[in-house]
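Have a look at the structure below, then the notes.
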Amino acid sequence: MIELLPPALLLVASALLTGVLRGTLRDAVVLLAPLATLWLIWQVPDGVVLTAYFLDYSIQPIEGGPLRRLFASIFAFMAFAGALFGFRQAKWYELSAAQAYAAGAIGVSFAGDLITMFLFWELMAIFSTVVVWCGGDARARAAGIRYAAMHLLGGVILKVGIEGLMVNTGSIEIRALALDSFETWMILLGILVNVAAPPISAWLPDAYPASSPTGSVFLSAFTTKTAVLALILLFPGADILIPIGLAMIFYGIIFALLENDVRRILAYSIVNQVGFMVCAVGIGTETALNGAAAHAFAHIIYKALLFMSAGAVIYRTGKHLCTDLGGLYRTMPVTAVCGIIGALAISSFPLTSGFTTKALISQSAVEQGMTVVYLLLAAASAGVFLHAGIKFPWFVFFQKDSGLRPEDAPWNMKAAMVLMAGACLLLGIFPGQFYALLPYAVTYEPYTAGKVLFYLQLLLFSGLAFFLMLPWMQRTLTITLDVDWLWRRALPVLWRLGQRLADAVRAGYHAAIVPRVTNLTRRLTAHLGPNGILGRSWQIGTTAMWVALLLISYVAIYAL
Amino acid sequence: MSAPNHDHWLSRPSTIRGLWIAFAIVLAFTVAAELFIDIKGYFGVDDWPGFGAIYGFGACVAMVLVAKALGVLLKRRDDYYHD
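These protein sequence lines are chains G and C, in that order.
For what it's worth, my numbering labels the leading residue of the first sequence as 702, then goes sequentially.
For what it's worth, my numbering labels the leading residue of the second sequence as 70, then goes sequentially.
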């Protein structure tokens, strides 16, 4: 018996309605459905709420709990903020796909079993691909296909793992798994594809910046963070996640430093930020898991804000390269200020959300006595300020006068940015209220004079490093090769080489073998063919004569 | 940084000089403040005065250098994938 409407279903329904309705009604659905979903999310009690049968398995489509509620809430909030940002500018099918995509993320959040999780996982893959395609040009189409191929592959790997687990243990319940068998490794690998762990991370900076100015806001929020939730639920404390997370952190920084495309800078910085969360899941203590969940929550808000700021600039100017932009603070002050708040939040400046959430992750490394991890996280915090905190606002809004004098963002985009900027500050100024929503009790106090001073030193001197090395930071009209070079360049080249080899073999066959075979066939035909001496049909009389001759010789031999 | 048309107060050279001076004062202040505020170190090294400042600066220089070196290998013209 269903006592409550599954929150994800409401968004699926509104995604369908968005396609049918027009005008104000559609706007109302796009904006109100996520809020109604948010309300429904808070009606889900703890524990398994719904049980159903799928094939021969008992599945739990809805399982409540603080962690699940936290993630589902931010996904629903994000669906609202993204809709507010784009409902007057985006195509209706982009808004519709974005709602279905958000529904997938919320469905994964509440999934009590791996089958339900997998179904919603694939829903996300399909509709996020549609959102990428809504970029509308050749780049978006190609990137969308590469994105879909990567996620379908990841889905297959995940499915292999889930099926292995079903066969070997008979249990599809979502619980902490040990990395002691082929199937659990497959599940981890499938999730790592979505988390954008190197070397399979290149799909993210390839696809997200190819989407529309509104689409990248949605894309930045759901896929990687549902994967983080899946890691928290399935692999808390898996040691391997610590080096993977650290690799993501530094890979994101280094590649963002080299990048010229504004949204690719932000895309690499998603990998960087998710690295912090993955590392925290690997540490696996209560403080660390709180940190991973809190940081995911805060990250969704400030990263969406940064993508909104970049999206508004691209929407107004049509330009997306650092080399083409600059000096926009003059005419886009709201977009600039909100972008700067997002940049400060991602850099974990005191009084912003990044400070209160990332501190939990660092604290967990301290508690576990992980010196190297702690110091690397601190270095990475400095690096975040460098590659995103200063670089993004500096090159877009300051730097040089590009001569561009675009209008500031449309009112709905401004409203969404102000909403998100306010959320960044609220989470930073009132951490206690936010900590109360986390899965485990928090005793940590982020605002001590010593900690604030340490972070101010760390970040401000990173800023000094940025401006002293500014000549080296100037962007050029270049791209930086990532792992996707393998399937965008190396694989096609190998394919063409293979084709050329096949052509050569075929040519050789035609030149050397075919004439000989033809010659042989002709000679054989001469003797054995219909007109050949041995092959042609004889008249009855001739045959009778030969038979008679044979019989006579037989009789003669016998008689002798 | 020196914009050709000084249309906005923020782009005036005098403002930029002022900002640099203010920034330098703030930087000096964050280090000097350690005389009054103790930064609790967890692992020994981070107990040194000015550790945050030196570590932040050093880490950034190192990351920029690594990025520079990697850029030599991996940078291509931006129409690389277009042919």
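Don't be surprised by glycine CBs; every beta carbon is placed ideally from N, CA and C.
Legend entry - Every unbroken alpha helix (DSSP H) within the stretch 899-963 of chain G, with a cutoff of 4 residues, ordered by chain: 904-908, 916-920, 924-935, 942-959
Legend entry - Other residues of its chain near leucine 866 (chain G): CB distance less than 6 Å, five sequence neighbours each side excluded: Glu884
Inset, instruction - Could you give the DSSP three-state label for lysine 144 (chain C): helix, strand or coil? - result: strand
Inset, instruction - Please report how far the alpha carbon of histidine 1228 (chain G) lies from the alpha carbon of threonine 1244 (chain G), in whole angstroms. - result: 18 Å
Legend entry - Complete runs of the alpha helix (DSSP H) confined to the stretch 777-823 of chain G [at least 4 residues]: 793-811
Inset, instruction - Would you kindly check if the distance between the Cβ of aspartate 907 (chain G) and the Cβ of aspartate 728 (chain G) is under 7 Å? - result: For aspartate 728 (chain G) and aspartate 907 (chain G), no; Cβs fall outside 7 Å.
Inset, instruction - Could you tell me whether any Cβ in chain C is nearer than 7 Å to the Cβ of arginine 847 (chain G)? - result: No, no contact with chain C.
Legend entry - Spatial distance of methionine 779 (chain G) from proline 707 (chain G) (CA atoms): 18 Å
Inset, instruction - Identify every residue that forms a DSSP beta bridge with isoleucine 1180 (chain G). - result: C:Arg145
Inset, instruction - Output yes or no for whether 7 Å exceeds the beta carbon distance between methionine 132 (chain C) and isoleucine 954 (chain G). - result: yes
Legend entry - Cβ distance (whole Å) where glycine 1129 (chain G) is taken to contact threonine 1053 (chain G) below 8 Å: 4 Å
Inset, instruction - Ignore the nearest five residues each way along the sequence and tell me which others in arginine 146 (chain C)'s own chain have a CB closer than 7 Å to its CB. - result: none
Inset, instruction - Could you list which residues in chain G have their beta carbon closer than 9 Å to that of isoleucine 108 (chain C), in chain order? - result: Ala1150, Gly1151, Lys1152, Leu1154, Phe1155, Gln1158
Inset, instruction - Flag this pair as yes or no: are the beta carbons of lysine 1004 (chain G) and serine 1082 (chain G) separated by less than 7 Å? - result: no
Legend entry - Interface residues of the stretch 113-129 of chain C facing chain G [CB-CB below 9 Å]: Gly113, Val114, Asp115, Gly119, Phe120, Gly121, Ala122, Ile123, Tyr124, Gly125, Phe126, Gly127, Ala128, Cys129
Inset, instruction - Select from the stretch 1120-1133 of chain G all residues with a C-beta closer than 9 Å to any C-beta belonging to chain C, and list them in chain order. - result: none
Inset, instruction - Confirm, please, whether the CB-CB distance from glutamine 761 (chain G) to glycine 121 (chain C) is below 7 Å. - result: no
Inset, instruction - Rounded to whole angstroms, what's the CA-CA distance from valine 730 (chain G) to alanine 1116 (chain G)? Just pull it up for me. - result: 18 Å
Legend entry - Proximal residues of chain G, C-beta to C-beta of serine 83 (chain C) below 7 Å: What serine 83 (chain C) touches in chain G: nothing, since even the nearest Cβ is about 16 Å away.
Inset, instruction - Determine which residues share a DSSP beta bridge with leucine 717 (chain G) and list them. - result: BP columns for leucine 717 (chain G) are empty, so no partner.
Inset, instruction - Check alanine 877 (chain G) in the structure and name its three-state DSSP category. - result: coil
Inset, instruction - Express the C-alpha separation of leucine 1165 (chain G) and alanine 798 (chain G) in angstroms, rounding to a whole number. - result: 43 Å
Legend entry - cysteine 1023 (chain G) and methionine 1118 (chain G) closer than 7 Å at C-beta: no
Inset, instruction - Compare the beta carbon distance of isoleucine 807 (chain G) and alanine 784 (chain G) with 7 Å and say whether it is the shorter of the two. - result: no
Legend entry - Per-residue contacts from arginine 1189 (chain G) into chain C (C-beta, under 9 Å): Tyr150
Inset, instruction - For leucine 88 (chain C), decide whether its Cβ has a neighbour in chain G, counting only Cβ atoms nearer than 7 Å. - result: No, its Cβ sits nowhere closer than 7 Å to a Cβ of chain G.
Legend entry - Closer than 7 Å to chain G by CB, alanine 136 (chain C): yes
Legend entry - chain C residues whose Cβ lies nearer than 9 Å to that of arginine 1031 (chain G): Asp76, His77, Leu79, Ser80
Legend entry - Interface flag, methionine 1170 (chain G) vs chain C, CB-CB below 7 Å: yes
Inset, instruction - For valine 114 (chain C), name the three-state secondary structure that DSSP assigns. - result: helix
Legend entry - chain G within 7 Å of leucine 104 (chain C), Cβ atoms only: no
Inset, instruction - Using a Cβ cut-off of 8 Å, pull out every chain G residue sitting near valine 133 (chain C), in sequence order please. - result: Taking a Cβ-Cβ cut-off of 8 Å, the neighbours of valine 133 (chain C) in chain G comprise Leu958, Leu1087, Ala1166, Met1170, Trp1173, Met1174, given in sequence order.
Legend entry - Check whether alanine 981 (chain G) and serine 970 (chain G) have beta carbons under 7 Å apart: no
Inset, instruction - For chain C, find out if any of its Cβ atoms is closer than 7 Å to the Cβ of leucine 1192 (chain G); answer yes or no. - result: Not one chain C Cβ lies under 7 Å of leucine 1192 (chain G).
Legend entry - Reduced DSSP category for serine 1049 (chain G) - H, G, I as helix; E, B as strand; rest coil: It is coil, neither helix nor strand.
Inset, instruction - May I ask you to verify whether the stretch 926-941 of chain G touches the stretch 990-1004 of chain G, counting CB pairs closer than 8 Å and requiring at least 3? - result: yes
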